[in-house]
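Heads up: the sequence shown begins at 585 in this note's numbering, then just goes up one per residue. Even glycine gets a Cβ: it sits at the ideal position worked out from N, Cα and C. Below: the structure, in structure tokens.
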Amino acid sequence: MHWVPLCIRNGQDQDNCSQKIFVPTTAATSTPLRAATVTSLTTTKANVQENHACIPMFASKAGATIIKGCVHPSKDNSKPDHRQNQPLQALKERQSHQKKINEFQISTPVSVNKLKFWLTGYDSQMKQYLLNGFQFGFRIPYEGLRKFRSHKNLKSANENKLIIADTIQSEISKKRVEGPFYKPPFPNLQCSPLGLVPKKESGKFRMIHHLSFPEGGSINDGISHEHCAVKYQSLDDAVAQIKKFGVGALLAKTDIAEAFKNIPIHPDDFELLGFTFNEQFYFDKTLPFGLSFSCNLFEKFSTALHWILTSHFKNTGCVHVLDDYLFIGPPSSNNCQKDLHNFLSLCQDIGLPIKHEKTVLPTTTLTFLGLEIDTVKYEMRLPLDKLRNLRETLVGFQYRRKTTLRELQSLIGLLNFACTVVVPGRPFLRRLIDLTKGIQRPHHFRKLNSEARADIKAWLLFIEYFNGKALILSDIWSSSNVLNLYTDASNLGFGGTFHKHWFYGSWPKEWLDHHITIKELFPIVLALDLYSDMMKNQCIEFFSDNEAVVHIINTQTSKNAMLMKLVRKLVLISMKFNILFKATHIPGVHNVSSDKLSRLQIEEFRNINQSMNVNPTPVLPHQLTI
């Protein structure tokens, strides 16, 4: 088959024709196939004798050969074939969508080249992940449906539109938000509600992107829990560093400014971060605070910065939690100042902004993770405003018979925070936490039972004695051997010794049927009650020949209600006097003196312990009640 030109202008010869089409000829005759009258370059008809499936139509114009479509034999091409146009239309839509995405650039102040230099020697896989993310944007591990949806903003946003408008405009000026658009910029834009939450500073608010709405169909619901799990350093890590340098250790700290907003999102995921305001569309281009994946991702970056400090700058001591960095150094040295300076220089080099107003130069007292650390007094304490708030909240709960889930969760949050200072307080949270089970809505009520009210009273008593302070204790545990603390119990009675002090007693009638585990735990609790003044501010290791007692002391829990009452009493005493405790199992053959006391063999006890005090420590009747 050959292709020959055919003039489509009536009255013009072949050589002078201004508009031609090329048609095939048979190889044998080289006779051009005749085309029917062509009314325009875009509407063409042809009757072709050959049985060709599709004959390309060409037009020559201004010296250029232009493909104009196909002539189908025995078919009227004036009507479009929509079935053939569907793949082309889909391709055009995808290309248009990608073009829109490409119009928007990622936003981050971080220099990829500088970061690449500092990450030399870092884990290769994590290094590449971070560098690719800062260069092209980080992907959100969203596995849900990608389709358009839009939800109304929260009440807090609708009642404070001026604050929302100012915040959005600020984000746009920083190139972290795109908009406004009068129609969705992407066909699959997903718009989640906006809201406002108050900051610590009076009259200031933080705009939140509620990516957990709607329940069951939100952006966060489409992200697997494995992508949200994260393990932080803690206050315990800071305390361990302080203990390394001792009393008077120097502390300094700084914060990364607008931490998550320095992390760019990949353009393909812009459509997941949409929101609306005043009937216009916007989308976020940086890591939002409401995304369940945000903490996991930022901690990866923050951990890499910590590694740079350790590997390149050989820092003395550092603890970080997300964007908060604490530096610890020896007293009377410039190590702490040097470590802080190195971190600030690193951030400046890679383009990471710092909250200079929250930067604290080396000192012996500062607040980290919401708690005051004092290396001279060697103690941690709740700030006065938090302590006052906790006390007022507990007093408000003291005589209540019921509470809403939201109020109960708020109280648990306050108590849980207090437990970061005094770990033994956790047993007094368990029954309160159990009350939250089975309640679905924040405004639903739950009755406060007698056990919950007892724990609230215990916390009030704890606040009275503890006053929001706890000493930083030594890592050296004082065993019962060193303290000369021994206890034992039998079916007849109980007894124990502490230095030259000793106590004993027979079981009241109501105790006779109690399990031996209860009887074994009781004299340990009683010993702390009797001699707590001499045990305060120490780490004490108890020895017991009862494995069940050892387990209960170490876990501070039991399914037995009577045992849990003893555990709570043990913990309450330890909180009052800042005593940490643990238990170790040993055979009972070495516990001779206490064994004699528990069997009420007092004269035999005196014969083998002549250096003990003449008289025992009295056990008062109220101390025999649980």
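If only uninterrupted alpha helix (DSSP H) runs of at least 4 residues are considered, those enclosed by the region 852 to 940 are 878 to 896 and 919 to 934. Within the region 710 to 758, the runs of alpha helix (DSSP H) at least 4 residues long that lie entirely inside it are, in chain order, 739 to 742 and 745 to 757. Residue 1119 carries a helical assignment under DSSP once its states are collapsed to helix, strand and coil.
In this structure, the beta-carbon distance from residue 1166 to residue 1210 does not fall below 7 Å.
Between the alpha carbons of residue 1109 and residue 1103 lies a gap of roughly 10 Å.
Comparing alpha-carbon positions, the option among 853, 733 and 743 lying closest to residue 797 turns out to be 733.
Rounded to the nearest angstrom, the gap between the Cα atoms of residue 935 and residue 695 is 6 Å. Between residue 1138 and residue 1101 a beta carbon distance of about 14 Å is seen, past the 8 Å cut, so the two are scored as non-contacting. Comparing alpha carbon positions, the residue from 963, 938 and 957 closest to residue 947 is 957. The DSSP assignment places complete beta strand (DSSP E) segments of no fewer than 3 residues inside the region 979 to 1057 at 986 to 988, 1029 to 1031 and 1053 to 1055, in order along the chain. For residue 1141, there is no enclosing alpha helix (DSSP H), as DSSP marks it with neither H nor E. The alpha-carbon separation between residue 1042 and residue 1183 amounts to approximately 34 Å. Within the DSSP secondary-structure output, residue 792 pairs in a beta bridge with 779. Judged by DSSP secondary structure, residue 762 falls outside any alpha helix (DSSP H) and instead within the beta strand (DSSP E) spanning 761 to 765.
In the displayed model, residue 844 falls within a helix according to three-state DSSP. Counting C-beta atoms within 10 angstroms of its own C-beta, residue 1158 has 16 or more neighbours from the protein chains shown and is therefore classed as buried. Between residue 939 and residue 841, the C-beta gap is smaller than 7 Å, which places the two residues in contact. Classified as exposed, residue 932 has fewer than 16 neighbouring CB atoms from the shown chains inside 10 Å of its CB. The shortest C-alpha to C-alpha distance from residue 1040 to any of 1071, 1084, 992 and 1072 is the one to 992. Secondary structure at residue 800: coil, using DSSP grouped into helix, strand and coil. In the three-state reduction of the DSSP assignment, residue 806 falls in the helix class.
Residue 828 and residue 902 have their C-alpha atoms spaced approximately 12 Å apart. Taken through DSSP and simplified to helix, strand or coil, residue 964 comes out as strand. DSSP, read as helix, strand or coil, puts residue 1155 in helix. In terms of CA proximity to residue 1193, 1179 leads the group 1179, 973, 1128 and 814. The residue among 846, 818 and 773 with its C-alpha nearest the C-alpha of residue 760 is 846. DSSP places residue 785 in the coil class of the three-state scheme, outside both helix and strand. For residue 1187, the uninterrupted alpha helix (DSSP H) run begins and ends at 1186 to 1192, by DSSP. In chain order, 1072, 1077, 1078, 1079, 1080, 1081, 1086, 1087, 1088 and 1189 place their CB closer than 8 Å to the CB of residue 1181, counting only its own chain and leaving out the 5 sequence neighbours on each side.
Contact annotation: residue 1162 and residue 1120 have beta-carbon atoms nearer than 7 Å.
DSSP places residue 824 within a helical segment (H, G or I) once states are collapsed to three. Per DSSP, residue 1179 is one residue of the alpha helix (DSSP H) stretching across 1176 to 1182.
The count of Cβ pairs closer than 8 Å, one atom from the region 769 to 782 and one from the region 696 to 714, stays below three, leaving the stretches out of contact.
Taking C-alpha positions only, residue 1117 is separated from residue 1056 by approximately 18 Å.
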